[in-house]
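Here is the structure we will look at, set down as structure tokens.
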Amino acid sequence: MINVLNAREMEDLFSRLRKDYETFGAVEENGEVVFDKISRFSEVSEKKSRYAPKEFLISRNENVLSTPDTTRKAVFGIKSCDLKGFYIMDKQILGKDPFYTAKRNNTLFVNFVCTEQCAGGFCSTFGGPLLEEYQIQVVRDGENYYVLSSDEFSKYLDGFKEADLSRVDEMMSKFKEMSPPLNVEGIENRIKWNSILWKNFASECISCGACNYSCPTCYCFDLYDRDDERLREWDSCILGGFTSTSAGNVRNSLDERLRQRFYHKFVYYKKSRGEYLCTGCNRCVDDCPVEIDIKEVITHDYQSE
Amino acid sequence: MITRVNEYVPNYTEVTESRKETRDVFTIATREKNAGIPGQFFMLSLPGVGEAPISVASGTGRNMEFTIRSIGKVTSKLENEKKIGIRGPYGNGWPWEEYDEILAIAGGIGIPPIRSLIQVIADKGEADKLEVLYGAKLPSDIVYRNEIDDWKRKIRFLLTVDNGDSTWNGRTGFVTSLIRESTVSRNAAAFVIGPPLMMKNSVLELVANGFSEDRIFLSLERRMECGIGVCGHCNLGEFYVCEDGPIFNYSKVKTQPELFL
Amino acid sequence: MATLTVCPYCGTGCQILIDELDSSARVIGYSRSPVNEGKLCVKGYSGLTYNFSKERLRYPLVKREGKFTRISWEEALNEATTKLRSIVRDYGPDAVAFQSSAKCTNEENYLMQKMARLVGTNNIDHCARSCHSPTALGLIETLGAGAATGSISSLEDTKTFLIIGSNTTEQHPIIGAKVVTEVKKGKKLIVADPRRTQLAELADIHLQFRPGTDVALLNSIMYVIIRDGLQDTSFIDSRTSGFSAFRDEVMNYPPEKMEIITGIPPQMIEKAAHLIGSERPVAILYAMGITQHIHGTENVMDVSNLALLTGNIGKRGSGIFPLRGQNNVQGSSDMGALSEFYPGYVRYDSDKVDFFEKLWNSKLPRTRGLSLSEMFEAAADGKVKAIYLMGENPLITEASVTDVEKGIDSLDLFIVQDIFMTTTAGRAHIVLPATSSLEKEGTFTNTERRIQKVSRVYERPGEAMEDWWILNEMGKRLGIFKGYDSPRDVFEEIRAAVPGYSGATYENIFPLGKQWPINDENPEGTEILHTRSFPIGRARFVPTPYGDPSEVVDEEYNFIMTTGRNYFQWHSGTMSRRTDILDRESPEAYVEINVEDAKKLNIRNSSFVTVRSRHGSIRVKARVTERIMPGVVFVPFHFEEVRVNLLVGNQVDKISRIPEFKVVAVRLIP
């Protein structure tokens, strides 16, 4: 369903949702946009958050021997690139991991669709910023908030003025014009196992893991015991220990691990789940201390090597 | 195994027996009946220490047994614990029911899933469809030494060591060298398990001896933690070894550059 | 709630936001910080979970009959102070020694050094002795200030980087990353290191020179600069003194003659000298690789000579950057937790100490105190009867560890204040549980002199208390402190005590920190030092003749072992080994051996090797690599089960008293 609301009606929508959900949103603190509990719609920042809030689905650290949390939460102001990442992760994890599944089934994401490309972002490459899969999606046009709700959530939009997508489509066309998609089509066939890119990246990379931690589609975690808890925490596939066993290590050098990360994103996941494991959010580039740019993996001329 | 709300929480079970196989390999038996099929694995755990993925070494329906090499933080402790955690079974099994003849080739500590296979096939009364080739580094590395004589009475079982010693009267040479002596027809399926180099050479030898690539099955090993395809560690190409494997049809994975690592 | 604070690991002092969105917290870099611009290394992201280890000390403990028993704070503080008082009464104040912590806040370091001096002794020291004491002493001598002359962000204006004795991408990863991004933009890089580090691979010139020959290397570079007229004559004439004596010394070091010492062919020296002489501004980054030597202070002074010679001080993009190790070692040194310096680097024997006598309303000691290693020697000799130690683990991190053990075992009273039961705390009589850096308020000063606000993120575990609280209570019971109400209270006094901190307040250093000196002339702090003049007026050239390391390589001990750190673990491992990811990445000790050497000695990768020096031996796994030069081996000191410092002797630099961790003659036995 598509409705158009004004700011006061958005507060109204917010209060309706607040009856059923604990409300969180993107808020500016100390000049950074982070996620925090909120009590009014007006508290939500429209700026791109400092990080993709994947801890709403995968806790930074948690004890897997505990009971999965089923608290109902609504998250406002998440960007489309981050939310799209969650839909892509669903294909591998939803229904298999009890914690992710419990959280995913009980969290409502109200994403704000960008009408201008952020610096470095390339979400139009992956179909963004207007999502095809969503729960409640908001596109702001000055005083007007276009709210797209899926069937499950349209009941919250009862009574608000209905609208059509023409203005939204106009804004999205302008977006794509200003920020044309990169040619990612067929990257899984163009990319080369022995490309010079991997060694180049490895010579610069300092193995901080920021790319994994900031990415809305990276879901890998490490499981370990500590006293009576079995803990898991976010892991990074570019670290050597990621594949180490007592028999050895299948990816001994940094260039092999960096290649694995990009292959997982652009080749393997496409083959196994039908989607690229990237949404063009550019957070990995923003957080990389040596400015390794994932866009280079897409645009590199592998043929000429 | 019962499915529970939280797949990560193991069942705790009593270890009824622990026996030494070789210097650093031991077998433990539990009271629980094996719900897994040959080739599948379980996550064994000790609270406060960790988990380890171990293939089941006994046949379906029999008491669960695991044969383990003591080499890491968890495995070195499993030999002497009275109570362990078990969750699973995970992964897929050897597709033994789909073929009339099976040639199983095992190297070193790779043999436990073949033992499981032998027991299941024998229990079904179809022992004559199976032939087993087994190679160990040294005579002292042979696992299940006292069971092998019994197996030899039921199935064609060829044993070799890479290097013999003064006590050894049997064959010497790599297990791959036994392939051309096998009596199965070229329509047989080959199940291969062992160290990566041994598997690579076995595949080469099998293909050279007329076996077709899509009837060769490998059991692969990677670092595994969750066992359910979500933690990412066992990723191999578009597969996760814990859920798409550990048994893989060679023709489906032969182009993977990381296959035999 | 996202709390802004400072990373507790290295001296880069990255600002971190800890966001406790659900009960577990995500750590991100603060994007507005001029230090790290939102970036972090793996220790920042994944290295803070040690904070929740069940091994955290939660209660005061006293050792009775060889076993630790839990006691109350009242009992612990009373017992500690009563015993301290009686030792001072019976043996004099110099029978007590205080060891402060480069990981604790400025407020805490200030309190501990004040406590020592009010008790009547200058026996206050800490691990800065073992890392950058040559920097403090060397640069104060040559420039008048012993700290980095520029800022991290000023490196964007640098044209040529000279990195000597620093494996920057592993030890100061965010600073190393900055160098990498600048090099990607086309800036020039010279790396002088016996190991082929990541930056060495990216360098235009890698000078893989023999450990301990730094002065010969630097002097030969300066020889070429002077010979070819590449020095900055107007800078030398207008801003420095002592040039001619220095020049006369340097002209004894032609590169051809130095090759036999350093192992570097003359043409590489020529190339490096020309790059430094012509592609300015040049920033010189250095760390333990030049300080932890018997000639550490001279090495630092020679670096200063090079910067002065080429006019690379006082301009943005140029400068000298001693990369300070611990998160607050710059601050702890500024606070005077060093035996020869009162706060603000006032020498113990200068009349400026009068100022402190007035400020603290007490007569103060004017004789030089003991350095860290001297404290343990004095303890073994029975001269020091008590040591009060905070946040240090000398049984792992000090040189000549057997002497440290002997010293500790001879003490009548050993009080240790820490967050874990470290190897050192295990030998204490009284253990006081402290809160971690994430559980207190205060300030840290990073390697670019930036005073940054530390904010409390988590609650105290058990009965653990902040170090400043413990020191405050101890001080009150000793009758020397009137009692401080809060860290802010202490900071107010620091502002009065240290001129460079006078303009800083908890408000104006939040959220972005301010680089000292911050005072009336520089209300926003000072990014670049020495822009117009030096604190000593003109900077000094100091002629530095080359001297061999103290350890002699001979037929029996035919290898040079250099000790150091790696990226994943941190110092004695008390924090990093209690975090999952870091410990997984580097779980055990190793010795790096050159491929050719390993072949000759029949040493295979991952096999065990005995490494023996004249002082001790360890058995450790071999890591055969091409990255280290033949004849040299490297062992990290993170692993308490393989204490490499058993092999390091007690020879120290006579000026700074720093041990020679970087050059130890060893023998390898497969």
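As given, the protein sequences belong to chains W, H and F, one line each in that order. All residue numbers for the first sequence refer to our numbering, where the first residue is 1 and numbers rise by one. All residue numbers for the second sequence refer to our numbering, where the first residue is 1 and numbers rise by one. All residue numbers for the third sequence refer to our numbering, where the first residue is 1 and numbers rise by one. Cβ coordinates follow ideal geometry from the N, Cα and C atoms, glycine included. The structure displayed is predicted, hence computed values, not measured ones.
Item: Rounded straight-line distance, which links the Cα of K33 (chain H) to that of Y276 (chain W); Value: 42 angstroms
Item: Three-state class that DSSP yields for N312 (chain F) in the structure shown; Value: coil
Item: is_contact[S173 (chain W), chain H] using C-beta, thresh 8 angstroms; Value: no
Item: Extent of the continuous alpha helix (DSSP H) run through W105 (chain W); Value: It should be noted that the sequence gives Asn, not Trp, for residue 105 (chain W). N105 (chain W) -> alpha helix (DSSP H) spans P98 to N106.
Item: heavy atom of the ligand NAD below 7 angstroms from T526 (chain F) C-beta; Value: The ligand NAD is not part of this structure, which contains no ligands at all.
Item: 3 or more residues per run - each beta strand (DSSP E) lying fully within the region 71 to 110 of chain F; Value: 96 to 99
Item: Segment limits, beta strand (DSSP E) that includes E32 (chain W); Value: E32 to K37
Item: Rounded C-alpha distance that separates E51 (chain H) from D225 (chain W); Value: 8 angstroms
Item: 8 angstroms Cβ cutoff, G38 (chain F) in contact with chain W; Value: yes
Item: Opening and closing residue of the beta strand (DSSP E) in which L413 (chain F) lies; Value: L413 to D418
Item: V290 (chain W): contacting residues in chain F (beta-carbon distance under 7 angstroms); Value: A177, V180 and T181
Item: Start and end residues, beta strand (DSSP E) containing V138 (chain W); Value: I136 to D141
Item: Residue environment, N183 (chain W), which counts as buried when at least 16 other CB atoms sit within 10 Å; Value: exposed
Item: Enclosing alpha helix (DSSP H) for Q92 (chain W) [first to last residue]; Value: S80 to I93
Item: Own chain residues within Cβ distance below 7 angstroms of E585 (chain F), not counting five before or after; Value: F568
Item: Cβ of G564 (chain F) within 8 angstroms of any chain W Cβ; Value: no
Item: D418 (chain F) to R577 (chain F) span [Cα, whole Å]; Value: 16 angstroms
Item: Residue burial classification, Y268 (chain W) (beta-carbon count within 10 angstroms, cutoff 16); Value: buried
Item: Residues in the region 239 to 257 of chain W having any Cβ partner in chain F nearer than 8 angstroms; Value: L239, G240, G241 and S244
Item: Short Cβ contact (8 angstroms threshold) for K137 (chain H) with D162 (chain H); Value: yes
Item: For Q452 (chain F), the first and last residue of its enclosing beta strand (DSSP E); Value: R450 to V454
Item: Cross-chain neighbours of V5 (chain H) in chain W, by beta carbon under 7 angstroms; Value: P98
Item: Local Cβ density within 10 Å of V175 (chain H), reported as buried at 16 or more and exposed below that; Value: buried
Item: Cβ distance (whole Å) where A496 (chain F) is taken to contact I451 (chain F) below 8 angstroms; Value: The Cβ separation is near 15 angstroms, so there is no contact.
Item: CB contact check: L197 (chain H) to chain W, cutoff 8 angstroms; Value: no
Item: is_contact[Y90 (chain H), chain W] using C-beta, thresh 8 angstroms; Value: no
Item: N-terminal and C-terminal residue of the beta strand (DSSP E) that V147 (chain W) is part of; Value: N144 to S149
Item: For D653 (chain F), the first and last residue of its enclosing beta strand (DSSP E); Value: Note, D653 (chain F): premise wrong, no beta strand (DSSP E); not H, not E.
Item: Interface flag, P47 (chain H) vs chain W, CB-CB below 8 angstroms; Value: yes
Item: Buried or exposed by the 16-neighbour rule on C-beta atoms within 10 Å, applied to Q117 (chain W); Value: buried
Item: Residue-level contact to chain H via CB, H300 (chain W), 8 angstroms cutoff; Value: no
Item: Status (buried if at least 16 other CB within 10 Å, exposed otherwise) for N187 (chain H); Value: exposed
Item: Chain-order list of residues whose beta-carbon lies under 8 angstroms from that of I87 (chain F) (same chain, five-residue window excluded); Value: A95, V96, K385, A386, D412 and L413
Item: Expected contact under 8 angstroms - CB spacing of V542 (chain F) and E141 (chain F) to nearest Å; Value: 7 angstroms
Item: Given 8 angstroms, three or more beta-carbon pairs between the region 194 to 205 of chain F and the region 531 to 539 of chain F; Value: no
Item: Buried or exposed by the 16-neighbour rule on C-beta atoms within 10 Å, applied to F356 (chain F); Value: buried
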